[in-house]
Amino acid sequence: MRKLQSCLLLYVALHLAASAIYAGEKPDSAKFVAFRSSVSACAGWTEQKDQYRYFVPHGLYDIIDGGADEYIKMGMVDGIVVKLDSAGKKTAELYIEDFNKPGGAQGMVNHRQATASEPKPLAGLAALGAFYDEVIGGCEVCCYSGTFYFEMNLTGYDKLDPALKDARALVAALTAKKKEKGK
Amino acid sequence: MHNDEKKRSDFVKQKESISRRDFLSSATGATAGILASSAVSAFGDEIKGGWTNGKRINPSIDNLRVVCCIDPAMMKSDPKSWDIVSQNEPVDHEKVLRTMDAMACALAQKNSAHEAWGSIFRKPASKEWQDVTVAIKPNCFMPNNPRVAVIDAVCKALIGLGVQPAKIIIYDGCGGAKEKFGGFAGTKLPAGVVMSNKNDVLGGTIDAPVPAPHAGHFKCSAAIAKGSIDILVNIAVNRGHHLAGTSMTMKNHAGTFEAMPIHLGGGLNYIIAFNKSEAILGGEPVRQQLCVVDSLWAQTKGPMGAPNKRPGALVMGTLSPAVDYITARRIREPLMGCTHPPELGRLMSDFGYSDLEKLDFVKVEPVKG
């Protein structure tokens, strides 16, 4: 009887573990800690800690549904989403994803730019491939650094320029940390 | 989960097992497509759906009759943010209600809104209106969701016919209906309307048959698959998507049916297939009776992201492919500057329609005041 119970418990544990892997709920990856810290420390922004998610490819479907296809096809390995609030109802949703091979993250930026509505270069950040797409209430920005791809959606703005200014500051925070890691 | 899997056929378990292994090993889409397409009827029988070419959704309304009102005055300003409260704040709620009534009159070709809604919505002959159960499927995924006023208009129309609020269920199997719209019950939505947390109120999911072009059995909202829901209303938004270039009412039912097969090789075939299913287009009268696209704000690309255009339009019709196709050709392309791949035509040709160039809206003039 005890053996049967042990076997049953082991079966359930293995099944749950397999389901968790299938659902993409792996333990967080340490490589994203510095990125998360850098944006959370940006002046004027407060992280919505309960909205933080770490994901592996399959888990991205739970977050962005069919939008996940293109990231997975381009070779995304894993990523995080960090949501920030600022005064006056501004919000920033940041996706930071590892494409794990040279050219992978850059390729994702190029793909997003090719499929964007009306992409425009983000001045001064050409080395990062940075571009933006204006949306009602803000902007969407994509760029990369090394194997990491960054995508941010900023809303809550009356005008575009303040959104772009904040986007630049967030990009600077993300890429400064990456440079420090590369030293 | 263990008990659910025990109830499934060996065939379904094998399909899921193959799908999981295939995904985890990063097999190509083509391979996944081959594996998925092999999941036809387990016992060699052709799966018949709810749709046959030439079927009329409503005997009084042509399937290709799609009405549209373009009136930017329905939006007093633009939202700055796209949380559910902010995106509804600038909407002129009363104007949207009156616009929806005017559109119903145009769709049904009736002089009064009550008559029009009574022509659009049909109940089983064996039931009184107070016993009718309605499920409303808004698109709850991502920011940019159907505006509450649009859903309210449909709820009010149904209640006006005699449907009890407690028998109107707002759901999205992918989640978000209760979270997004629950806060409006009793204010911008009628008190007593039921908000489902995923498929909780609909009894979870069961395997339901889906015909060609992606035949098989897939998880579906149980009450809809079983036919317990008498009237199904589909309320979508106007977004881009890599499949056929757009996501509107047809894609919206990836939230009635499980969505993952789309990404495991099913693609547009699966979307077309579940829209032909008995669950969606079966029943007597036909279960899905109204499809609405809230195109007040819209996205040229998608499905992610916030709207970047403001067409100021509402669209409605009885046949989902027609609503989507005409909205793509008459709003997304001329007003939003979108282009669509040739696959867009499959939304109609797979339902037996050709000669698509002349399809257009019936235009409804903005309501005054």
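Note that the protein sequences, when read in sequence, are chains A and C. Under our numbering, think of the first position of the first sequence as 742, with each following residue one higher. Under our numbering, think of the first position of the second sequence as 1397, with each following residue one higher. Cβ coordinates follow ideal geometry from the N, Cα and C atoms, glycine included.
The beta carbon of Leu825 of chain A sits closer than 6 Å to those of Trp786, Glu788 and Ala833, all from its chain and outside the five residues before and after it, given in chain order.
Around the CB of Pro1707 of chain C, 16 or more other CB atoms lie within 10 Å, so the residue is classed as buried. The three-state reading of DSSP puts Ala1608 of chain C in coil, since its state is none of H, G, I, E or B. Comparing alpha carbon positions, the residue from C:Leu1598, C:Glu1739 and C:Ile1727 closest to Leu1755 of chain C is C:Ile1727. The beta carbons of Val1760 of chain C and Met1499 of chain C sit closer together than 9 Å.
Thr896 of chain A counts as buried, since at least 16 other C-beta atoms from the protein chains shown sit within 10 angstroms of its C-beta. Burial state of Ala1502 of chain C is buried, judged by a 10 Å Cβ sphere holding 16 or more other Cβ atoms. Contacts between Asp1474 of chain C and chain A, judged by CB atoms closer than 8 Å, involve Ile877 and Gly878 in chain order.
Secondary structure within the region 1494–1568 of chain C: the alpha helix (DSSP H) runs of 4 or more consecutive residues, fully enclosed, are 1509–1516 and 1544–1557 (chain order). Here the alpha carbon of Asn1449 of chain C sits roughly 5 Å from the alpha carbon of Gly1748 of chain C. When the five nearest sequence neighbours on each side are left out, the beta carbons in the same chain lying within less than 8 Å of the beta carbon of Gly1578 of chain C are those of Met1591, in order along the chain. Exclusion of the five residues before and after Pro1737 of chain C leaves Ala1640 and Gly1641 as the residues of its chain whose Cβ lies within less than 7 Å of its Cβ. In this structure, DSSP gives Ile813 of chain A a helical state, which the three-state scheme calls helix. The C-beta distance from Ile1625 of chain C to Ala1531 of chain C rounds to 5 Å, short enough to fall under 8 Å. Under the 9 Å criterion on CB atoms, Tyr802 of chain A is classed as interfacial with respect to chain C. Comparing C-alpha distances from Asn1665 of chain C to each of C:Gly1612, C:Leu1686 and C:Thr1652 shows the shortest one belongs to C:Gly1612. Between Arg1518 of chain C and Pro1703 of chain C, the gap from beta carbon to beta carbon reaches 9 Å or more. Residues of the same chain with a CB within less than 7 Å of the CB of Leu1554 of chain C, apart from the 5 flanking positions on each side, are Phe1517, Val1530 and Ile1564 in chain order.
According to the DSSP secondary-structure assignment, Ile1602 of chain C is paired through a beta bridge with C:Cys1616.
Listed in chain order, the positions of the region 1652–1663 of chain C with a beta carbon within less than 8 Å of a beta carbon of chain A are Ala1655, Met1656, Ile1658 and His1659. DSSP places Pro1657 of chain C in the helix class (H, G or I) of the three-state scheme. Rounded to the nearest angstrom, the Cβ distance from Ala1573 of chain C to Cys1536 of chain C is 5 Å, consistent with a contact under 8 Å.
The contact set of Ile805 of chain A on chain C, defined by CB atoms closer than 8 Å, consists of Met1538, Pro1699 and Met1700 in chain order. Identification of residues in the region 1606–1617 of chain C having a C-beta nearer than 9 Å to some C-beta of chain A yields an empty set. Boundaries around Gly1663 of chain C are those of the alpha helix (DSSP H), Gly1663 to Asn1671, since no beta strand (DSSP E) includes it.
Cα atoms of Ser886 of chain A and Arg1635 of chain C: separation of roughly 30 Å, rounded to the nearest angstrom.
Around Pro1475 of chain C, the same chain offers Ser1482, Gln1483, Glu1485 and Pro1486 as residues with beta carbons nearer than 7 Å, after the five sequence neighbours per side are excluded. Contacts between Pro1703 of chain C and chain A, judged by CB atoms closer than 8 Å, involve Val876 and Ile877 in chain order.
A distance below 9 Å separates the beta carbons of Trp1447 of chain C and Asn1671 of chain C. Listed in chain order, the positions of the region 1617–1638 of chain C with a beta carbon within less than 7 Å of a beta carbon of chain A are His1637 and His1638. The beta carbon of Glu811 of chain A falls within 9 Å of a beta carbon belonging to chain C, placing the residue at that interface.
At least 9 Å separates the beta-carbon of Ile1667 of chain C from that of Ala1694 of chain C. Taking 9 Å as the cut-off, the beta carbon of Val1559 of chain C is found no closer than this to the beta carbon of Met1496 of chain C.
Nearest CB-CB separation between Ala1669 of chain C and chain A: not below the 9 Å threshold. Taking the Cβ atoms as the reference, Cys1464 of chain C lies roughly 15 Å from Leu1715 of chain C, outside the contact range of under 8 Å.
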